[in-house]
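This is the structure we're talking about:
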């Protein structure tokens, strides 16, 4: 996969007549990034991979003394509904984390920074809501 030799239609010699995704109704170019990250055909596998990663991270945080909540509904200050994968609270240290693990096909060396900026733009506006929620319903 890392050498881009997987049997996807966009690789020269893999298909003679089209580079379109072979999944019915999908008109995207069949690249490895498309198959692993966007195609509806692989959606269940992608979701399962994501949930395993989320649960693994949550389990580590719990073992390290964090109060962990998964799939937390929150509202942004812009009045949009969001669902944070992990909200972790360390009450003795007065710290909180919003984690949204993302598994993406690498595009360039700045991928991590781009994803970090994207996630901050989504969840920073939810912090006021989560602070209120932390004081009311997330207490032990």
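Numbering (full-length UniProt numbering), first residue to last: 1 to 140. Beta carbons: idealized from backbone N, C-alpha and C, even for Gly.
Where residue i falls, given that 16 or more other Cβ within 10 Å makes a residue buried
i, result
"residue 31", "buried"
"residue 140", "Any reading at residue 140 must be qualified, since the residue scores a pLDDT of 42, below 50, and its modelled position is unreliable; no value is offered."
"residue 10", "buried"
"residue 98", "buried"
"residue 17", "exposed"
"residue 60", "exposed"
Inter-residue CB distance, residue i and residue j (contact presumed, cutoff 8 Å)
i, j, result
"residue 58", "residue 70", "6 Å"
"residue 49", "residue 23", "In fact, because the Cβ distance is near 18 Å, the residues do not count as touching under 8 Å."
"residue 126", "residue 76", "5 Å"
Whether residue i touches residue j by CB criterion (8 Å)
i, j, result
"residue 56", "residue 104", "no"
"residue 119", "residue 100", "yes"
Residue-level contact to chain B via CB, residue i, 8 Å cutoff
i, result
"residue 23", "The structure shown contains no chain B; it holds only a single protein chain."
Review point. At what residue ranges does the segment 74 to 134 contain a whole run of the alpha helix (DSSP H), taking only runs of 4 or more?
Key: As summarised for the segment 74 to 134, the continuous alpha helix (DSSP H) elements at least 4 residues long and confined to that stretch are 111 to 123, given in chain order.
Check your understanding: At what residue ranges does the segment 24 to 57 contain a whole run of the alpha helix (DSSP H), taking only runs of 4 or more?
Key -> Correct list: 32 to 37.
Check your understanding: On the three-pair Cβ rule with 8 Å, is the segment 60 to 69 touching the segment 80 to 97?
Key -> The segment 60 to 69 makes contact with the segment 80 to 97; the number of CB pairs closer than 8 Å reaches 3 or more.
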